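All residue numbers for the sequence shown refer to the numbering used here, where the first residue is 1423 and numbers rise by one.
Heads up, the beta-carbon is just placed ideally off N, CA and C, and yes, glycines get one too.
Given the structure is predicted, the values throughout are model-derived calculations rather than measurements.
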Amino acid sequence: MFRMAAQTMWQHKGTLGALYKRLSSQKGSKKAIKAVARKLSVIFYHVVRNKSAFDAKKLNGNNIERQQKRDMARLKKKAAEMGYVLQQVGGTSL
1423 MFRMAAQTMW QHKGTLGALY KRLSSQKGSK KAIKAVARKL SVIFYHVVRN
1473 KSAFDAKKLN GNNIERQQKR DMARLKKKAA EMGYVLQQVG GTSL
């Protein structure tokens, strides 16, 4: 059941979808499916064991912000290697 749910994560836009996409690009889709299925089973276990509702905020954490910061640092480094300087435009700051 968890493996079948994990197979659909390639089209999911949430945290588990990002995890699947990252792992599948690094290690391949079979290992990504297995890892996401395990993550789903751990979440299920904790929800059943603690008899509590699922809270997606605990799953997300700061992963999205950290990923954006890593992406920005990578882009700045790549731009510096090519002799460019990146400047942020807009209201959001990282």
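The way I'd put it, the stretch 1443–1456 doesn't touch the stretch 1494–1504; fewer than three beta-carbon pairs between them come closer than 8 Å. One thing to note: Y1442 has its Cβ no nearer than 8 Å to the Cβ of A1427.
Taking L1445 as the centre and dropping the five residues before and after it, the same chain places the C-beta of A1454 and A1457 closer than 6 Å to its C-beta, in chain order. V1469 and F1476 do touch by the CB rule: their CB atoms are close to 5 Å apart, below 8 Å. DSSP, read as helix, strand or coil, puts Q1510 in coil. Per DSSP, reduced to three states, the secondary structure at H1434 is coil, with no helix or strand assignment. In this structure, A1478 sits away from R1425, with a CB-CB distance that is not shorter than 8 Å. Rounded to whole angstroms, the separation of the alpha carbons of R1488 and T1430 is 24 Å. In the structure shown, the three-state DSSP call for K1491 is helix.
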